[in-house]
Ligand code: HEM
Ligand SMILES: Nc1ncnc2c1ncn2[C@@H]1O[C@H](COP(=O)(O)OP(=O)(O)OP(=O)(O)O)[C@@H](O)[C@H]1O
Ligand SMILES: Nc1ncnc2c1ncn2[C@@H]1O[C@H](COP(=O)(O)OP(=O)(O)OP(=O)(O)O)[C@@H](O)[C@H]1O
Ligand SMILES: [Mg+2]
Ligand SMILES: [Mg+2]
């Protein structure tokens, strides 16, 4: 079982490195969205500093959403999702592996690039560190929830909007806690509380979401 | 030729109304993104009012982008794009019709719902009117440019990120002008100048983009 | 004229010419850049406002200039390729993109480093800086589109269309400083009246620009040659060419 | 269908995919009332050749002539006589067969009698289902309906018998023979034994690369 | 492959799609060394039946038993013996055939000799191309390679001969006969004349609805 888990992860990573654009594109999308805010809002430094953490969290959420579109769609169309469902290994584990791979490929690079983006909002250095911690604690929950949404809409071709609709309400709590904590960090306060909460949400998602994902995939295939 | 134009538009509209979710989803996505800002940024009224027009423009741009993903992808996969390319009618016209239909189905409802969203940002009434005008003048250019990007990536399955990368640099000028004008409107100033500029950009896009789109589709099919 | 053009555009011919010119270009470039560096870093007086900090201009300005130049080159080459179906033009466009992206990146980084002492922050959302950043994304879009379309023929034409559409951005970058009130330096060299800096500072700058330009050409020659080799790997002239090179070397 | 006679000719075609040359120096000619069937091992380039002859792909060298003129120069005129059905079915998955047919006919400015066609193809019972729900064979039938209802003289069909049941194959072969009898042109690729009229059919065997 | 004998049985199956009842009261049994081929007009429910017997779709009524136990209760055990190839090919379009095969084999915890398989299917020359670039028949071959290399006892193949050229069909039929000879089970749907060993094959004709 553990072996199957590793196997799926390594295949997903292999595919991502094959098409290295898959690795880079969510990051670039994230950067561009972050860039849109200052351009649209204007160059008032105080305002930019104020909205910075929130804007970066929104951009991370949207980048995750965008990359979720194709998480199972392609597998559905080419029949590999059928093959996974017919595999000897528990579907839950296989899909969890896909989700973890998605997190590694999408969210990690995104967190890594955050310091650069904070330059655009003129955030203070301690804020950057806190922001990265909140992202690290919160994005696993995003990926796991997103995977349920992606599984539910795997067979639908026009799903991008639908996934957004399904997921955004669920992910709003994560966004709120994340942005608040990042805000606290930027003003130099302790963020231990919200950070634990975010981590808790992620752990909760980890225990529940994989089962929902597997069930959703079986429904999509029927 | 005009008849073919109408025919394609009516088919697209028919499909959109068949799957009414297509109609509703970009709007819902737009609404949710607009909602994220106050949640992420906090409830400081002054700041919200300041970032309102910009945030709404960013949300509109992202909603457009999201819906563009599937503009030609599906047609490519099911072979209807080949059929259009082999039709007696000029491909430019047929694709322009698809683009116009996309604008009607995606952007119009989005503009219609804007007044509702401005409530969340506490925008003054005259600001709302100006914002809608700028969207009306600027979104045709978004759709037309987007159509080129969608055509270039029609055959690629993992294109969502790529389309964003291709398009966002091109659409940023529109975003900047649009958001500035909306800002002016919110502070009660005249927006005739930027409005003409946006309209001019849209007209320019209308004369150039359809040809680029047609060329791109032929390349994708090769 | 047309004859000459067509002859140059034939891959074997170009390959031979490029191989011959390349070392010269490279040495000239190094010479120009050394002179420029000596003139700029040692001979030129310190600026009375900026002190020695201004010397980063000798990296920044040539890089910024080349970033725009290479985009223009890429677009023109793509246009030629699309209209006359000339493969060599596509090779040039494809080879330009990464080099152009690198120069754009260099301009951004040096600009940002310079910005910290000048404006007190690394980055401002100023029209010129923004449009230079957009230029970087245009290059990246071009590169990513090419790599996503595995088939060369398709990649050539698709990315060519993209390059042409993106050309609109160039005038915006150049004129952004005049159209909007920008905190960035106005044009001091590339304008119709006499340049507005002292000759002590000017000539090293010009030397640097020329040196960068030559370096750019040298890099371009190498990567176009690689492109040509890749594309024509099955053609007969390649084996002949490489054969003779082996004999000589 | 008018009674003019048409011809398609191709000369010196070289077909490349990626770094591989699939076929070299192909030439051939097809005139009214004739059929050409491409045969050959999988991957020898049948689909590529068909797409090139329709103008969807550009050949590396060589030219394709319709009535003696290069097809990319008289694109609209050529397309008016052409109907192509490839490995993908050319149907919108969310519209019903009827709606798909109606759109195709109106794009050509024609008015086809759908019912007869749908009856012949045994699609009447599911003509109002969205295409995504149809079985593989029903989808193939619907995509053939596009061709049969097009009124075009030149049919290009890539493995048209795939997924069809026995009676469907026979029906299609009959329709193709009628089409040839009325002066149509037919270009197909396939692996099955031919059901076409042997007097009108020329079989071209493409050699496999490996 | 071990020498245990296996059996699949289905009883009283009713298949619905949307508002339509496709088949009623289906029953049957398949044991080691036997093959069942489903025939019937397009849209009669062959694909639906195959998917139901694999456990991908749930039947409206009735049950499917593997070794006497209902398949959804012993899912993992059942899947260990099952290999299914449907209308979609089950390959990742961006990976090469080799990589696809390697992944499938390792997911089953097996080590297959790829080269022999690829040679037999004549895929060696294009085994390193991404699947998206393969021709229709090559894709079909690659997806068959998944089955042939799986080591499973129970093969379920939906129209496996589609898009294959003559020699491909014969090769596949030979492999299927070998499989039956070694005690495997085979369930296929198709329209072609059967190439299987007639002693081992039972043909089930499904009636069309319309
Ligand atoms: C990240 C920050 C910066 C970026 C992206 C940037 C970008 C550019 C670009 C694109 C050009 C070429 C314009 C043209 O040829 O039309 C340029 C030129 C120039 N830049 Fe910057 N720049 C940055 C920061 C700075 C700073 C901080 C200074 C010094 C105060 C500076 C001084 C100059 C000068 C003197 C020129 C030459 C102007 C001319 O002769 O036209 N730049 N820069
Ligand atoms: N990028 C590439 N590099 C090398 N070979 C390629 C590339 N893309 C496609 N090919 C090869 O080109 C050929 C395409 O063949 P085509 O689809 O025309 O075959 P076909 O005769 O229609 O076969 P089938 O009977 O299977 O439908 C295949 O052999 C495929 O492997
Ligand atoms: N929502 C629906 N409402 C009514 N009928 C439906 C619906 N969805 C599918 N069908 C019908 O169910 C049948 C599905 O058949 P299936 O795919 O099993 O056929 P098949 O025997 O495999 O045919 P083929 O030989 O063409 O592959 C089709 O006749 C289709 O029209
Ligand atoms: Mg083919
Ligand atoms: Mg079927």
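Residue numbers (our numbering), protein chains in the order written: chain A, 104 to 325; chain B, 104 to 325; chain C, 739 to 987; chain D, 48 to 257; chain E, 48 to 257.
Just so it is clear, CB atoms sit at the ideal spot from N, CA and C, and this is done for glycine as well.
Relative to ligand 4, is the shortest distance from any of its heavy atoms to the C-beta of residue 205 of chain D smaller than 7 Å? Along the fourth chain, one-based indexing puts residue 205 of chain D at 158. A distance criterion of 7 Å places the beta-carbon of residue 205 of chain D in contact range of ligand 4, judged by its closest non-hydrogen atom.
Contacts of residue 255 of chain B in chain D (Cβ-Cβ under 9 Å): Residue numbering aside, residue 255 of chain B sits at position 152 when the second chain is read from its first letter. Under the 9 Å cutoff, chain D gives no residues; its nearest Cβ is about 17 Å from residue 255 of chain B.
Show which residues of chain A have a CB atom less than 9 Å away from the CB atom of residue 126 of chain E. Stepping through the fifth chain from its first residue, residue 126 of chain E is reached at position 79. Taking the beta carbon of residue 126 of chain E as reference, the chain A residues within 9 Å of it are 188, 189, 190, 191 and 192, listed in sequence order.
Residue 288 of chain A and residue 210 of chain A: beta carbons closer than 8 Å? In the first chain, counting from the first residue as 1, residue 288 of chain A sits at position 185. In the first chain, counting from the first residue as 1, residue 210 of chain A sits at position 107. Taking 8 Å as the Cβ cut-off, residue 288 of chain A and residue 210 of chain A do not qualify as a contacting pair.
Near-chain A residues of the region 139–160 of chain E - C-beta to any C-beta below 8 Å: Answer set for the region 139–160 of chain E: 139, 140, 141, 142, 146, 150, 151, 153, 154, 155 and 156.
Would a check of beta-carbon distances place residue 136 of chain E closer than 8 Å to chain D? Your numbering for residue 136 of chain E matches position 89 in the fifth chain. Not closer than 8 Å to any Cβ of chain D, the Cβ of residue 136 of chain E fails to qualify, so no.
With distance defined between alpha-carbon atoms, name the residue in D:100, D:143, D:124 and D:135 nearest to residue 118 of chain B. Against the second chain, residue 118 of chain B aligns to sequence position 15. Selected option, being the one with the closest Cα: D:143.
Grab me the residues of residue 932 of chain C's own chain with a C-beta within less than 6 Å of its C-beta, minus the 5 sequence neighbours each way, in chain order. Residue numbering aside, residue 932 of chain C sits at position 194 when the third chain is read from its first letter. Here residue 932 of chain C scores only 48 on pLDDT, less than 50, and its place in the model should not be relied on; the value that follows carries that caveat. Nothing meets the Cβ criterion.
Regarding residue 238 of chain D and ligand 4, is the C-beta to nearest heavy atom distance less than 7 Å? Against the fourth chain, residue 238 of chain D aligns to sequence position 191. Residue 238 of chain D has its CB no nearer than 7 Å to any heavy atom of ligand 4.
Would you kindly check if the distance between the Cβ of residue 97 of chain D and the Cβ of residue 234 of chain D is under 8 Å? Translated into the one-based positions of the fourth chain, residue 234 of chain D becomes position 187. Translated into the one-based positions of the fourth chain, residue 97 of chain D becomes position 50. Yes, the Cβ-Cβ distance between residue 234 of chain D and residue 97 of chain D is below 8 Å.
Residue 1025 of chain C: which of C:759, C:833, C:780 and C:952 sits nearest, CA to CA? Residue numbering for chain C in the displayed model covers 739 to 987; residue 1025 of chain C lies beyond these limits and cannot be assessed.
Using beta carbons (cut-off 8 Å, strictly below), is residue 101 of chain D in contact with chain B? Taking the fourth chain and counting its residues from 1, one reaches residue 101 of chain D at position 54. Yes, residue 101 of chain D lies at the interface with chain B (some Cβ there is under 8 Å from its Cβ).
Does the distance from the CB of residue 200 of chain D to the CB of residue 232 of chain D come in under 8 Å? Locating residue 200 of chain D in the fourth chain gives position 153, counting from the first residue. Locating residue 232 of chain D in the fourth chain gives position 185, counting from the first residue. Annotated as proximal: residue 200 of chain D and residue 232 of chain D, with beta-carbon spacing under 8 Å.
C-alpha distance - residue 208 of chain B paired with residue 113 of chain A, whole-angstrom precision: Stepping through the second chain from its first residue, residue 208 of chain B is reached at position 105. Stepping through the first chain from its first residue, residue 113 of chain A is reached at position 10. Approximately 41 Å, taken between the alpha carbons.
CB contact flag (residue 196 of chain E, residue 129 of chain E, <8 Å): Locating residue 196 of chain E in the fifth chain gives position 149, where the first residue counts as 1. Locating residue 129 of chain E in the fifth chain gives position 82, where the first residue counts as 1. No, the Cβ-Cβ distance between residue 196 of chain E and residue 129 of chain E is not below 8 Å.
Is residue 245 of chain D helix, strand or coil by DSSP? Locating residue 245 of chain D in the fourth chain gives position 198, counting from the first residue. Correct three-state label for residue 245 of chain D: coil.
From the DSSP output, in three-state form, read off residue 276 of chain A for me. Position 173 of the first chain, counted from the first residue, corresponds to residue 276 of chain A. Helix.
Chain-ordered neighbours of residue 889 of chain C on chain D, where CB pairs are closer than 8 Å: On the third chain, residue 889 of chain C is found 151 positions in, with the first residue counted as 1. The contacting residues are 64 and 65.
Relative to the C-alpha of residue 140 of chain D, which residue among B:177, B:281 and B:268 is closest? If you number the fourth chain from 1, residue 140 of chain D lands on position 93. When only C-alpha atoms are compared, the closest one is B:177.
Any chain B beta carbon closer than 8 Å to residue 111 of chain A: Reading the first chain from its first residue, position 8 is the one you call residue 111 of chain A. No, its Cβ sits nowhere closer than 8 Å to a Cβ of chain B.
Between the Cα of residue 205 of chain B and the Cα atoms of B:317, B:111, B:303 and B:314, which residue gives the shortest distance? As a working note, residue 205 of chain B is residue 102 in the second chain. Nearest C-alpha to residue 205 of chain B: B:111.
Can you grab the Cα-Cα spacing for the pair residue 151 of chain A / residue 159 of chain A, in whole Å? In the first chain, the residue the question calls residue 151 of chain A occupies position 48. In the first chain, the residue the question calls residue 159 of chain A occupies position 56. Using only the alpha carbons, I get a separation of about 11 Å.
Is the Cβ of residue 59 of chain D closer than 8 Å to any Cβ of chain C? Along the fourth chain, one-based indexing puts residue 59 of chain D at 12. The beta carbon of residue 59 of chain D sits no closer than 8 Å to any beta carbon of chain C.
Per-residue DSSP class, three states only, for residue 68 of chain D: Taking the fourth chain and counting its residues from 1, one reaches residue 68 of chain D at position 21. Strand, per DSSP.
Residue 314 of chain A - containing alpha helix (DSSP H), residue span: Start at 1 with the first residue of the first chain, and residue 314 of chain A comes out as number 211. That run of the alpha helix (DSSP H) goes 295–324.
Under 8 Å by beta carbon: chain C residues contacting residue 141 of chain A: If you number the first chain from 1, residue 141 of chain A lands on position 38. Ordered by position in chain C, the residues that pass the 8 Å Cβ test against residue 141 of chain A are 863.
Would you mind telling me which residues of chain B sit closer than 8 Å to residue 161 of chain A, beta carbon to beta carbon, in chain order? Indexing the first chain from 1 puts residue 161 of chain A at position 58. Going along chain B in sequence order, the residues near residue 161 of chain A (Cβ under 8 Å) are 136, 139, 140 and 143.
Buried or exposed: residue 163 of chain D, going by 16 or more other Cβ atoms within 10 Å of its Cβ? For the purposes of this step, residue 163 of chain D is taken as residue 116 along the fourth chain, with counting starting at 1. So residue 163 of chain D counts as exposed.
Counting only Cβ pairs nearer than 9 Å, list the residues of chain E close to residue 119 of chain D. As a working note, residue 119 of chain D is residue 72 in the fourth chain. Correct list: empty, because the minimum Cβ distance to chain E is about 24 Å.
By how many angstroms is the C-alpha of residue 116 of chain A removed from the C-alpha of residue 987 of chain C? Stepping through the third chain from its first residue, residue 987 of chain C is reached at position 249. Stepping through the first chain from its first residue, residue 116 of chain A is reached at position 13. Legend: pLDDT at residue 987 of chain C = 34, less than 50; position of this residue unreliable, no value from coordinates given.
My output table needs one value for residue 750 of chain C: the three-state DSSP class, helix, strand or coil. The residue you call residue 750 of chain C lines up with position 12 of the third chain. Shown here, residue 750 of chain C sits in a helix according to DSSP, grouped into three states.
Cutoff 7 Å; reference residue 247 of chain A; Cβ partners in own chain excluding five residues on either side: Residue 247 of chain A sits at position 144 when you count from the first residue of the first chain. The beta carbon of residue 247 of chain A sits closer than 7 Å to those of 202, 308, 309 and 312, all from its chain and outside the five residues before and after it, given in chain order.
Of all the options B:198, B:272, B:199 and B:301, which has the alpha carbon lying nearest to the alpha carbon of residue 242 of chain B? For the purposes of this step, residue 242 of chain B is taken as residue 139 along the second chain, with counting starting at 1. Residue B:301 is the option with its Cα nearest to residue 242 of chain B.
In chain D, which residues lie with their C-beta within 8 Å of the C-beta of residue 157 of chain B? To locate residue 157 of chain B, count along the second chain from 1; it is residue 54. Near residue 157 of chain B there are no residues of chain D at all, since even the closest Cβ is about 36 Å away, more than 8 Å.
Label residue 759 of chain C either buried or exposed according to how many other C-beta atoms from any shown protein chain fall within 10 Å of its C-beta, with 16 as the threshold for buried. As a first step, residue 759 of chain C must be located in the third chain, where it is residue number 21. Sixteen is the threshold: since fewer than 16 other Cβ atoms of the shown chains lie within 10 Å of the Cβ of residue 759 of chain C, the residue is exposed.
Can you tell me whether residue 86 of chain E sits near ligand 5, meaning its C-beta is under 7 Å from at least one heavy atom of the ligand? By one-based count along the fifth chain, residue 86 of chain E stands at place 39. Answer for residue 86 of chain E: no, Cβ out of range of ligand 5.
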